[in-house]
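A short worksheet on the structure shown next.
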Amino acid sequence: MIPIMRAYAGRLLPQLIALTAIVIAISMVFPGFLNLQIQNGRLYGSMIDILNRGAPVVLLAIGMTVVIATKGIDLSVGAVMAICGAVAASLITSGHSLAETLLATLAVGIICGLWNGVLVAVLDIQPIIATLVLMVAGRGIAQLITEGTILTFNDPGLIFIGSGSFAGLPMPIVIWLVFSLIVALLVRRTALGMLVEAIGINRQASTLSGVLTPVLLVAAYVLSGLCAATAGIIAAADIRGADANNAGLWLELDAILAVVVGGTSLLGGRFSIAASVLGAVIIQAINTGILLSGFPPEFNLIIKAAIIIFILVLQSPRFRTGVSFLSIPKAAGKPTEREAK
Amino acid sequence: MQTSSDNILSAIRIEKGFPGTKALDKVDFHLRRGEVHALLGENGAGKSTLIKCLTGAYRRDGGSMLLDGTEADPRDTFDAQRLGIGTVYQEVNLLPNLTVAENLFLGRQPRRFGMVDTRTMNRRARELLAEYELDIDVTRDLASYSVAIQQVVAIARAVDLSGKVLILDEPTASLDAHEVEMLFRIVRRLKGRGLGIIFITHFLEQVYAISDRITVLRNGQLVGTRNAADLDRRELIAMMIGRELATEIHSAHSDAVAGEPRYRFRNFGRRGKIDPFDLDVRAGEVVGMAGLLGSGRTETAEILFGAHRADSGTAEIEGRTVDLSSPRAAIRQRFGFCPEDRKTAGIVGDLSVRENIVLALQARRGWTRPIPRAEQNRLADHYIRALDIRTPDREKPIRLLSGGNQQKAILARWLATEPELLILDEPTRGIDVGAHAEIIRLIESLREKGMSLIVISSEIEELVAYSTRVVVLRDRAHVAELDGAQLTAHRIVEAIAATNGREAS
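Protein sequence lines correspond, in order, to chains A and B.
Heads up, the first sequence is in numbering that gives the first Met the number 0, so the first residue is 0 and it goes up one at a time.
Heads up, the second sequence is in numbering that gives the first Met the number 0, so the first residue is 0 and it goes up one at a time.
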């Protein structure tokens with residue numbers, strides 16, 4: 000067990016270092032940052048706020064990680080969030096029960112995933128193009144569902160998902176914690192993780208080895224659709240309404256970024272759910288940190304870009320070989336001395 | 000010791016180290032004007048490292064290099080090209096989507112009024128290729144020509160740019176016998192023009208067919224340089240692997256196996272891939288497949304394994320008709336298939352040796368029943384030991400292994416599924432002599448255990464050595480089947496060459 004823990008720690012180290020550095024930096028500018036309080040049995044504080052605000056991107060990043068591991072990409076997740084938010088809002092306002100609404104909304108997410116998966120796995124369309132279709136069309140579909148308005152609702156059950164709390168934690172945090180745990184166990188306790196990685200690295204060799212490539216590819220996109228549906232419900236519940244124009248807007252890019260910051264290669268293959276979750280939290284911490292530190296808002300995006308470039312440089316193989324190159328003279332010095340004798 | 004004037008290129012006491020290893024240890028290499036000099040060694044012996052030091056792709060750590068009598072120190076491959084050292088690699092690294100002429104003159108197109116003068120460029124391209132007896136349409140895309148022609152274009156470009164030393168790094172790996180002969184004619188002509196040519200290959204027959212001298216490296220050290228005429232094959236192999244190989248090509252001819260065939264394919268085929276064929280395979284039998292590249296050998300293997308679906312005929316195993324419509328279906332019937340192209344269809348590069356070995360077994364069990372980690376470790380360790388896969392440990396990504404060890408790991412992947420019919424497409428291509436002999440031994444021991452094997456190989460003597468029968472293919476059809484006393488290299492070559500009039504030696 001201990002070697003496995005150590006392997007995990009090694010894999011997650013760059014992300015943990017980056018997150019710690021960002022948290023320290025923010026708390027220096029904004030002293031109250033680390034404070035946590037309990038009010039009415041619920042935790043409050045900037046750190047909790049980051050985890051709560053980050054919920055949609057964390058959820059999207061979980062699905063995106065698996066899709067990227069298969070050497071694909073899912074650009075449609077932001078639009079799927081909008082569709083699912085609209086579906087949830089329109090069902091609950093038309094008098095359906097909370098259970099019906101949630102199940103139907105998740106089913107819509109699964110259908111969106113199936114659509115993408117079939118385009119990629121069966122029709123063999125490049126993932127970036129295949130999912131672009133739904134990215135563009137999806138927002139239109141969402142607007143058709145809401146009929147162009149912001150569809151508000153007052154159902155306490157649905158609102159609870161966005162702003163309620165469970166065991167002292169806001170519901171969105173509980174949901175993404177449970178979700179990421181389930182997916183991480185699912186891929187690592189079964190053979191799914193290895194088979195997905197094999198497909199991402201070499202699809203032809205995997206098929207020839209008997210791996211059911213099309214089914215697994217479709218499953219990856221379905222998982223991504225399911226994650227997007229959950230994120231969509233949270234986003235809608237949070238504002239108590241479905242905004243087809245803005246729900247999940249550009250979040251697909253944050254999700255991809257979270258996966259990349261988490262160290263999963265866009266070329267597919269090795270992936271880590273935990274690292275992507277950390278990546279999403281890092282991105283949210285940067286967002287919140289910039290707001291808290293009182294920089295003029297026009298600097299926000301630039302600062303964010305700079306921090307992300309820094310994290311990516313830390314991960315770049317060239318940079319790593321460069322760093323190990325600097326430490327070589329010591330290591331390489333010894334054999335030559337021995338030879339001299 | 001020759002005087003420097005005979006030598007167009009002299010590399011003296013070249014050293015190169017990588018963290019943890021000494022890739023080249025004071026290696027001397029002398030190339031004369033107008034000679035073909037074969038550079039041999041097992042994978043990892045330091046051949047590529049030496050070539051990369053000579054062409055500036057790596058900076059050497061020590062030693063000196065004289066080109067045409069003057070000190071040379073190429074900073075990079077462009078610099079080496081400018082100094083006169085041109086290299087042609089196994090994978091042609093030209094641009095397939097440009098025309099032949101554009102490829103020849105890329106970066107130095109003749110210009111007129113600042114614009115590329117296409118007409119002059121095409122004329123000069125034709126003139127250049129005429130020197131190589133190549134009369135092709137230079138305005139067509141490079142990709143529309145065979146690998147052999149692309150290879151010649153690459154040589155023409157390299158010689159035209161550089162013109163003193165030509166390095167051919169496994170140029171014949173994907174050529175058939177006829178194309179190799181064409182390439183060799185060109186090499187001999189260039190040799191006549193006084194170029195020094197360094198030739199790297201794994202095919203020993205080709206070494207003897209073309210080389211004047213042979214230099215052997217082993218573990219980063221120079222073993223020796225000899226005249227090809229004075230060095231017999233056995234001695235050469237001993238130099239390369241450092242021990243006498245027990246049997247380079249074993250001669251104990253296996254008798255035809257009696258009994259009912261276990262596998263019976265009737266009228267099996269797919270339009271555009273391979274004409275319908277009949278094939279029987281018995282238990283404990285190795286059926287060889289011989290034929291030129293493109294004769295339908297690989298297509299036969301792919302159709303048997305379900306990589307392409309057959310559109311005619313039936314397959315029976317011990318009398319029952321079976322479905323072979325996909326690799327999964329074939330694996331369910333206990334088939335295994337090692338494809339010809341290891342890199343693109345065999346290995347899963349970033350996964351570990353362990354994961355590559357358990358992949359097919361895991362795929363058959365389904366994702367819900369993961370093989371426990373302890374069992375994976377046991378399987379991987381077992382095959383690493385049994386097949387002598389050289390890897391520091393089972394968690395090493397397989398792409399870091401040498402070709403021969405990758406091949407053994409893919410064999411292990413199938414052996415782990417306990418197959419009853421194993422289809423091997425060129426199992427010994429592009430791997431070093433030591434691993435080569437081990438794979439042949441493995442084929443024989445599997446046959447003795449009662450497994451059925453179908454083996455495709457371009458090395459006819461090798462086929463004769465381990466096959467109980469050999470099917471000969473030509474023009475996408477099975478044209479002959481040889482067994483017993485008929486099974487000789489000579490007969491196979493005759494059958495390949497028959498009627499279509501092409502020389503196949």
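Ideal placement from N, C-alpha and C gives every residue a C-beta, glycine not left out.
From a predicted model like this one, the values you see are computed outputs, not experimental measurements.
Give the single residue among the options whose Cα lies nearest to the Cα of residue i.
| i | options | result |
| --- | --- | --- |
| S264/A | E34/B, C337/B and D349/B | D349/B |
| H29/B | G40/B, I11/B and R58/B | I11/B |
| I82/A | A274/A, L266/A, A136/A and R188/A | A136/A |
| T48/B | M181/B, P95/B, Q220/B and G345/B | Q220/B |
| L410/B | R364/B, Y465/B, P391/B and F334/B | F334/B |
| S161/B | T98/B, P73/B, F112/B and G483/B | P73/B |
| E461/B | R473/B, G258/B and A436/B | A436/B |
| G224/A | A8/A, T145/A, T19/A and V65/A | V65/A |
| I158/A | L15/A, A236/A, D48/A and N245/A | A236/A |
| R218/A | L168/A, L101/A and V119/A | The sequence given here places Ala at residue 218/A; Arg does not occur at that position. When each option's Cα is compared against that of A218/A, the closest is V119/A. |
| A496/B | G290/B, Q332/B and A344/B | G290/B |
| L141/B | Y262/B, N102/B and M181/B | N102/B |
| G165/A | T19/A, I308/A, N51/A and S271/A | Looking at the sequence shown, residue 165/A is not Gly but Phe. Out of T19/A, I308/A, N51/A and S271/A, N51/A has the C-alpha closest to the C-alpha of F165/A. |
| S471/B | F202/B, I491/B and E14/B | One detail in the question is off: residue 471/B reads as Val in this sequence, not Ser. Nearest of F202/B, I491/B and E14/B to V471/B, Cα basis: I491/B. |
| S45/A | I200/A, N286/A and I301/A | N286/A |
| D274/B | M64/B, S63/B and V478/B | V478/B |
| A309/B | G318/B, I316/B, E298/B and I439/B | E298/B |
| A54/B | T117/B, I197/B, D279/B and L94/B | Correcting the residue type first, residue 54/B is Thr in the shown sequence and not Ala. Minimum Cα distance to T54/B is reached at I197/B. |
| V469/B | D392/B, A79/B, Q406/B and D279/B | D279/B |
Do residue i and the ligand NAP come close, with the Cβ less than 7 Å from some heavy atom?
| i | result |
| --- | --- |
| L216/B | The ligand content of the structure shown is nil, which means the ligand NAP is not present either. |
Check the DSSP bridge columns for residue i and list the partner residues they point to.
| i | result |
| --- | --- |
| G287/B | V454/B and V469/B |
| I84/B | V164/B |
| T69/B | L66/B |
| R111/B | M114/B |
| R31/B | N6/B |
| A311/B | One point to set straight first is that residue 311/B is Ser, not Ala, in the sequence displayed. DSSP lists G268/B as partners of S311/B. |
| I388/B | Its beta-bridge partners do not exist; DSSP assigns none. |
| E480/B | V470/B |
| L278/B | F264/B |
| A183/A | Answer is none; A183/A lacks a bridge partner. |
| V26/B | I13/B |
Can you tell me the Cβ-Cβ gap for residue i and residue j, rounded? I've got them flagged as a contact below 8 Å.
| i | j | result |
| --- | --- | --- |
| S212/B | E34/B | Checking the sequence shown, residue 212/B turns out to be Arg, not Ser. Confirmed, Cβ separation roughly 6 Å. |
| G261/A | G288/A | Wrong, their Cβ atoms sit about 19 Å apart, outside the cutoff. |
| D168/B | V87/B | 7 Å |
| I453/B | L303/B | 7 Å |
| R412/B | N376/B | Incorrect: roughly 15 Å between the Cβ atoms, too far for contact. |
| R398/B | I430/B | With 8 Å as the limit, R398/B and I430/B do not qualify as a contact, their Cβ atoms being about 15 Å apart. |
| T130/A | N115/A | 5 Å |
| A85/A | I128/A | Going by Cβ atoms, the distance from A85/A to I128/A rounds to 25 Å, so no, they are not a contact pair. |
Within the 8 Å Cβ cut-off, does residue i reach chain A?
| i | result |
| --- | --- |
| E354/B | yes |
| R12/B | no |
| L414/B | no |
| Q332/B | no |
| I495/B | no |
| I538/B | Because chain B is modelled from 0 through 504, residue 538/B falls outside the range shown and cannot be assessed. |
| T367/B | yes |
| A56/B | no |
| G433/B | no |
Would you say residue i faces chain B, with C-beta separation under 8 Å as the test?
| i | result |
| --- | --- |
| E297/A | no |
| A54/A | no |
| N201/A | yes |
| R337/A | Because R337/A carries a pLDDT of 36, less than 50, the predicted location of this residue cannot be relied on, and the following value inherits that uncertainty. Not closer than 8 Å to any Cβ of chain B, the Cβ of R337/A fails to qualify, so no. |
| V210/A | yes |
| E196/A | yes |
| R269/A | yes |
| L365/A | Absent from the structure is residue 365/A, since the part of chain A shown begins at 0 and ends at 340. |
| T69/A | no |
| S205/A | yes |
| A235/A | no |
| E99/A | no |
Quick one: complete beta strand (DSSP E) runs, 3+ long, within the region 162 to 243 of chain B? 164 to 168, 195 to 199, 212 to 217 and 220 to 226
Quick one: which unbroken beta strand (DSSP E) runs of 3-plus residues sit fully inside the region 330 to 376 of chain B? Chain order, please. 334 to 337
Taking only runs of the alpha helix (DSSP H) that begin and end inside the region 10 to 89 of chain A, which ones reach a length of at least 4 residues, in chain order? 45 to 52 and 54 to 68
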